[in-house]
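Comments concern the structure below.
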Amino acid sequence: MTQSSSSPSSAARFHFLLRRLHSLSGLVPVGVFLCFHLFTNFQMLTGDFQHEVDFIHAMPALFYVELALWLSIGFHAALGCYYTFSGVKPNAAAYNYESNYRYVLQRVTGIIALVFIFIHVAHFRWRIEMFGVLMPFYAKGPGGEDLATATTAMSLQHIGATIFYLVGALSAVFHFANGLWTMAITWGVTITVGAQRRWGKMCLGLGVVLALFTIGALIGAWRYEITDTERAAFEALQQGAETMKGH
Amino acid sequence: MASPNQRVIIVGGGLAGLGAAVRIAEEGVPVDLFSMVPVKRSHSVCAQGGINACNDVARQQGYSEWQHMDETLYGGDFLNHQPPVYEMTHWAPQIIDLLDRMGVPFNRTPEGRRDLRLFGGSLFKRTHFSGATTGQQLLYALDEQTRRQEAAGMVHKYEFWEFLWPIIEQTDDGPLCHGIVAQDMRTMEIKSFKADATVLATGGCGTIFGKSTNSVICNGAAAARAYRAGAWMGNAEFIQVHPTAIPGEDKCRLMSESARGEGGRVWVPRKKDDDRAPGDIPEDERWYFLEEKYPKYGNLVPRDIATREIFFMCQEGYGIGGGRMVYLDCTALPDETKKKLDGIFEIYEKFTGDDPREIAMRIFPSVHYTMGGLWTTYSSEEKQPVHGDKGKAVGMQLGAPDNMMTNIPGLYAFGEVNYQYHGGTRLGANALLSCIFDGIFCGPSVVNYLADRREAGNTVDKVPDTFFAEAVETEQKKVEHLVAGKGGENPYVLHEEMGNWMTDYCTVVRDDAGMKKLLEQLQTWKSRYENVSLSDTAMWTNQNLSFTRALGDMIRYAEAIVVGALARTESRGSHYRPDFPDRDDRQFQQTTIASYDAEHDRPDVRYEYIPVPMVEPRARTYGAVK
Amino acid sequence: MPDRTIQLKIKRQDDQSASPYWQTFSIPYRPNMNVISCLQYIAAHPTTADGTETTPVVWDCSCLEEVCGACTMVINGEVRQSCSALVDRLLEEDDSIKLEPMTKFPVVRDLFVDRSRLFEDLKKTQGWVPIDGLYSLGPGPWESPAKQDTRYDLSRCMSCGCCLEVCPQYTRNNNFVGAAVISQVRYFNTHPIGANNAAERLNAMMEPGGISDCGNAQNCVKVCPKDIPLTESIADVGRMTTIHSIKQFFRGE
Numbered sequence: 001m002t003q004s005s006s007s008p009s010s011a012a013r014f015h016f017l018l019r020r021l022h023s024l025s026g027l028v029p030v031g032v033f034l035c036f037h038l039f040t041n042f043q044m045l046t047g048d049f050q051h052e053v054d055f056i057h058a059m060p061a062l063f064y065v066e067l068a069l070w071l072s073i074g075f076h077a078a079l080g081c082y083y084t085f086s087g088v089k090p091n092a093a094a095y096n097y098e099s100n101y102r103y104v105l106q107r108v109t110g111i112i113a114l115v116f117i118f119i120h121v122a123h124f125r126w127r128i129e130m131f132g133v134l135m136p137f138y139a140k141g142p143g144g145e146d147l148a149t150a151t152t153a154m155s156l157q158h159i160g161a162t163i164f165y166l167v168g169a170l171s172a173v174f175h176f177a178n179g180l181w182t183m184a185i186t187w188g189v190t191i192t193v194g195a196q197r198r199w200g201k202m203c204l205g206l207g208v209v210l211a212l213f214t215i216g217a218l219i220g221a222w223r224y225e226i227t228d229t230e231r232a233a234f235e236a237l238q239q240g241a242e243t244m245k246g247h
Numbered sequence: 001m002a003s004p005n006q007r008v009i010i011v012g013g014g015l016a017g018l019g020a021a022v023r024i025a026e027e028g029v030p031v032d033l034f035s036m037v038p039v040k041r042s043h044s045v046c047a048q049g050g051i052n053a054c055n056d057v058a059r060q061q062g063y064s065e066w067q068h069m070d071e072t073l074y075g076g077d078f079l080n081h082q083p084p085v086y087e088m089t090h091w092a093p094q095i096i097d098l099l100d101r102m103g104v105p106f107n108r109t110p111e112g113r114r115d116l117r118l119f120g121g122s123l124f125k126r127t128h129f130s131g132a133t134t135g136q137q138l139l140y141a142l143d144e145q146t147r148r149q150e151a152a153g154m155v156h157k158y159e160f161w162e163f164l165w166p167i168i169e170q171t172d173d174g175p176l177c178h179g180i181v182a183q184d185m186r187t188m189e190i191k192s193f194k195a196d197a198t199v200l201a202t203g204g205c206g207t208i209f210g211k212s213t214n215s216v217i218c219n220g221a222a223a224a225r226a227y228r229a230g231a232w233m234g235n236a237e238f239i240q241v242h243p244t245a246i247p248g249e250d251k252c253r254l255m256s257e258s259a260r261g262e263g264g265r266v267w268v269p270r271k272k273d274d275d276r277a278p279g280d281i282p283e284d285e286r287w288y289f290l291e292e293k294y295p296k297y298g299n300l301v302p303r304d305i306a307t308r309e310i311f312f313m314c315q316e317g318y319g320i321g322g323g324r325m326v327y328l329d330c331t332a333l334p335d336e337t338k339k340k341l342d343g344i345f346e347i348y349e350k351f352t353g354d355d356p357r358e359i360a361m362r363i364f365p366s367v368h369y370t371m372g373g374l375w376t377t378y379s380s381e382e383k384q385p386v387h388g389d390k391g392k393a394v395g396m397q398l399g400a401p402d403n404m405m406t407n408i409p410g411l412y413a414f415g416e417v418n419y420q421y422h423g424g425t426r427l428g429a430n431a432l433l434s435c436i437f438d439g440i441f442c443g444p445s446v447v448n449y450l451a452d453r454r455e456a457g458n459t460v461d462k463v464p465d466t467f468f469a470e471a472v473e474t475e476q477k478k479v480e481h482l483v484a485g486k487g488g489e490n491p492y493v494l495h496e497e498m499g500n501w502m503t504d505y506c507t508v509v510r511d512d513a514g515m516k517k518l519l520e521q522l523q524t525w526k527s528r529y530e531n532v533s534l535s536d537t538a539m540w541t542n543q544n545l546s547f548t549r550a551l552g553d554m555i556r557y558a559e560a561i562v563v564g565a566l567a568r569t570e571s572r573g574s575h576y577r578p579d580f581p582d583r584d585d586r587q588f589q590q591t592t593i594a595s596y597d598a599e600h601d602r603p604d605v606r607y608e609y610i611p612v613p614m615v616e617p618r619a620r621t622y623g624a625v626k
Numbered sequence: 001m002p003d004r005t006i007q008l009k010i011k012r013q014d015d016q017s018a019s020p021y022w023q024t025f026s027i028p029y030r031p032n033m034n035v036i037s038c039l040q041y042i043a044a045h046p047t048t049a050d051g052t053e054t055t056p057v058v059w060d061c062s063c064l065e066e067v068c069g070a071c072t073m074v075i076n077g078e079v080r081q082s083c084s085a086l087v088d089r090l091l092e093e094d095d096s097i098k099l100e101p102m103t104k105f106p107v108v109r110d111l112f113v114d115r116s117r118l119f120e121d122l123k124k125t126q127g128w129v130p131i132d133g134l135y136s137l138g139p140g141p142w143e144s145p146a147k148q149d150t151r152y153d154l155s156r157c158m159s160c161g162c163c164l165e166v167c168p169q170y171t172r173n174n175n176f177v178g179a180a181v182i183s184q185v186r187y188f189n190t191h192p193i194g195a196n197n198a199a200e201r202l203n204a205m206m207e208p209g210g211i212s213d214c215g216n217a218q219n220c221v222k223v224c225p226k227d228i229p230l231t232e233s234i235a236d237v238g239r240m241t242t243i244h245s246i247k248q249f250f251r252g253e
């Protein structure tokens, strides 16, 4: 480190780049995706969830979008875990400052969110049976009926599932909102204590909105009355799961 | 030029030591820097007020470097040598510039120039400052420059190393210093270090007086070791006592003069042993003794008078609760004045838990600065007078190898341990200046001395290794002796006793009987010291050993102080003899030189006339308070 | 009153590799005591509360005025200087006083720790203004009072290590430099001449253990005895490195 060259060493470049990419990947694309996703979910309560689902499934190059997302999440999570488990020593019990609790929570929620996202995708996307429900991939009935809203509601109308989704999604929301706050410090956007406080309030606001989206989506799921037709179609879908898996 | 193989040892990492280290390293000579604490924690950090230097504004108001010199000599009661003071005050402006370039955050004017404040002993604003922590800021700037030299491989730091003894060879041409013996305070390893020049920059000796405003490391042991090894002491009896300090259980902390400047009043209860809270004592039962005795100047009498009066009141039993404290009352000041004093109030509050805005402060005089120290010499030369100089100008010869060298060739004394600059007492904000000046001005002298030594062919590499091994062995034996001690005498108790006695009989008021008693006591401490037992004999980070060893040296330093004070039958600067209340230039326009008589374990005192080439001594009255 | 005593529990360790143990000391109470005066009492009377003779407790101290930073330790679970830790205040919250060495630095003995890592890190980040030597070369650059004020706040860091002790990211298993050093980078980079070495300092800040290892727990700023705006320094150095690295990237160096 004592060399007086005006260029950083390659170790420095690599280390710094990784740290900053870790920070950036939390916002783009992972954070942005989280916002869209939670907004979509919120349509369970207020709008046309089916339309949103159809829109997503109609996206071109969906596979590559998903792949990019997975790579980003994987990168962000792998580095995050590495940083968290390599030689740091949380001490919120001894020094119980609010910011210190958030420091610990940021790491805990990151891990919860990672586990949650994995299970959530396994359930909804990879169609692994959970809470007694096997989620269909296209969420359409055998006869082409729109079932996205119904099937989602059906899988969430379960207290265990609700708690799981509440904890998982709210962890992700906290992790994102607080991460946005620390990111502004890391990149040097907010310097003064005042700027950090003001930006903190905005991050808190965003976090609350996203949390409300999440809670709204769950309320929407519980309030959704599944019609007999939907149930029958769903049952049929479940019966034909074996064939579905072939897709 | 010095040979690349020659090294310099500097003991002490305060302003003087670091200034010298950077200056010498800059000349291409490697430096080994020894300090008992990481150099950033040296006592220089404690200086608050500022650093004096003539400046453009003051100059246009009629001030000059000469005037600064005059103030320093007048303040020092003409016991200072004039050429070094001439040189120091004339270098002061460029030293401030230099510190400015190093990045010291000096307070600024609206235009962005360095701001100035008024300080004691002058009618001109000539004190540069950096908040309330000027010493800390200056030390850090030099610490940073030292770190730069360290990173460049020119300075090697030995932090947590204690200087034990100078290595002095008695050659046919007299003594010659070859380096030092030092001990790692963590591993307790004792080693010798060779150098063609050794600089002691080890500061003052405040802890000889028990509690003082000094750091715990300022025990004078390093100076005392040099003295015991043959270096002379100069004016050891001159110790400055600051009138207002906050007495603490562990040390005394300075309470700035500005508290009185802004209207703080000093008083004691009229009734002895009045145990009421100060706020509950009615006005007519308070004794504002300074205002009563000195109606003209009141609480703002000069430092030495305030110190003496407070001291007398407590001796007569009027101190708070019969003890050694008086009230410094700022509670009645208007709110806006209190606000101005926020900085010093916070210090008081932090260390006493009391809010001086609500309750009167308890203060007492405390030993603050060591004007005396190791005797040094210098080469003077006539200078071309500069603007403002009033007559013949005699300064120091830049680069002369003997500048601030002790009587032992190769051994220098810089900074507070050097007796040169402050004479009978020191002006506020001159200490930082003298320390940096020594380092920066005399650094080249050290470098030139190395070259001389090389030419003379008596460099340290010619000295056989056995000579150094013997020096180490001597120190090891001393340690073994201390560790083996079983006499049961507790060194800490002995130190406390000595501190109390020294403070009582040899600080503010020095009467003949008291000092004679003290001198007798010193002899008993010497014999009691022979019976000290260590409570820790482990050979790992043993502070008990270090303290006890230093105590033996402190007793010898104390003796030099007392003997000097007894022999100086006059009053001058900080030295006040009630039996000889006036300055006696005929007999004592002289430096007290104490040399150690090892055979009889006592100081031999003689005198050396102080020439006055520029400023004729005049009475130090400060506008006559009497 | 004269009978009142203070209980002092001290975590001791005989040397670097020894295992720590606790000792309790009973000290006569006097008004206005601080922790230093308790330790001084123990030095003079090294006997534990149960009457066992022991060695004096070893601790680091110098100025006792909270400007040198030496006497930092963990007192009743909180890191701070022991000179400004007043016994009366401590006893308001607890009935005894507990002293431990700082945990982030290797213990040398008892309460005395080795903080050399901090000074080494200052060296790596070129914590100095690169002046052209000590010759007389005129004054330094002018500076506005506002800028002086900012720099003064930063320059009061006494390298005590409190910010490092409470930092969850600063541990003995990594090489994070911590808030104190990052703040010094800001101090020097905001000085007009100090800025001549800004690139080198920022390069050092990009190394593993540099600025990006901060986890934003922001404990540092809460325990700093000199109220240095450490978190602002971290953010500012964050900005400096962001700009520096983007410039480096597009310059293709």
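Chains as they are written, first to last, in this note's numbering: chain A, 1 to 247; chain B, 1 to 626; chain C, 1 to 253. Virtual Cβ for every residue (Gly too), placed ideally from N, Cα, C.
- For LEU176 (chain B), the closest of B:ILE408, B:GLY12, B:PHE160 by C-alpha to C-alpha distance is B:ILE408.
- Beta-bridge annotation (DSSP): GLU382 (chain B) is paired with B:VAL394.
- Inclusion of GLY135 (chain B) and ASN107 (chain B) in the CB contact set at 8 angstroms is not warranted, their separation being larger than that value.
- ILE117 (chain A) and PHE75 (chain A) have their alpha carbons spaced roughly 14 angstroms apart.
- Residue state for GLN543 (chain B) is assigned as helix, using DSSP reduced to three classes.
- With respect to chain B, the C-beta atom of MET33 (chain C) has a partner C-beta closer than 8 angstroms.
- Boundaries for ILE363 (chain B): no alpha helix (DSSP H) harbours it, while the beta strand (DSSP E) harbouring it runs 361–370, taken from the DSSP string.
- Within a 10 Å sphere around the beta-carbon of ARG231 (chain A) sit fewer than 16 other beta-carbons, which makes this residue exposed.
- At a cut-off of 8 angstroms between beta carbons, GLY87 (chain A) contacts chain C.
- Between the region 230–243 of chain B and the region 339–355 of chain B, the count of Cβ pairs shorter than 8 angstroms is below three; the stretches do not touch.
- Contact check between the region 14–23 of chain A and the region 196–205 of chain A: fewer than three CB pairs, one atom from each, fall below 8 angstroms, which does not count as touching.
- Residues of the region 198–212 of chain C with a Cβ closer than 7 angstroms to any Cβ of chain A, in chain order: ALA199, GLU200, ASN203, ALA204, MET206, GLU207, PRO208, SER212.
- The beta carbon of ASP536 (chain B) lies closer than 8 angstroms to those of ASN542, GLN543, ASN544, LEU545 in the same chain, with the five residues before and after it left out.
- In the DSSP annotation of this structure, GLY322 (chain B) is not part of any beta strand (DSSP E), being labelled neither H nor E.
- Take the alpha-carbon of ALA122 (chain A) and the one of TRP22 (chain C): they are about 53 angstroms apart.
- Close partners of ALA229 (chain B) in chain C (Cβ separation under 7 angstroms) are lacking, with about 26 angstroms as the shortest Cβ gap.
- Assignment of beta-bridge partners to PHE25 (chain C) by DSSP yields C:LEU8.
- Using beta-carbon distances, THR55 (chain C) does not count as an interface residue toward chain A, since no partner is under 8 angstroms.
- Nearest neighbour of ILE593 (chain B) by Cα position, chosen from B:THR377, B:LYS390, B:TRP161, turns out to be B:THR377.
- The Cβ of MET405 (chain B) sits no closer than 8 angstroms to any Cβ of chain C.
- Collapsing the DSSP output to three states places THR186 (chain A) in a helix.
- At least one CB of chain B lies nearer than 8 angstroms to the CB of TYR152 (chain C).
- Nearest CB-CB separation between SER19 (chain C) and chain B: not below the 8 angstroms threshold.
- Under the 8 angstroms criterion on CB atoms, MET361 (chain B) is classed as non-interfacial with respect to chain C.
- Per DSSP, the continuous beta strand (DSSP E) segment holding PRO175 (chain B) begins and ends at 174–184.
- In this structure, the straight-line span from the alpha carbon of LEU122 (chain C) to that of LEU164 (chain B) is close to 30 angstroms.
- Residues of the region 459–489 of chain B whose Cβ lies closer than 7 angstroms to any Cβ of chain C: none.
- Interface flag for LEU98 (chain B) against chain C is set, since a Cβ pair is found closer than 8 angstroms.
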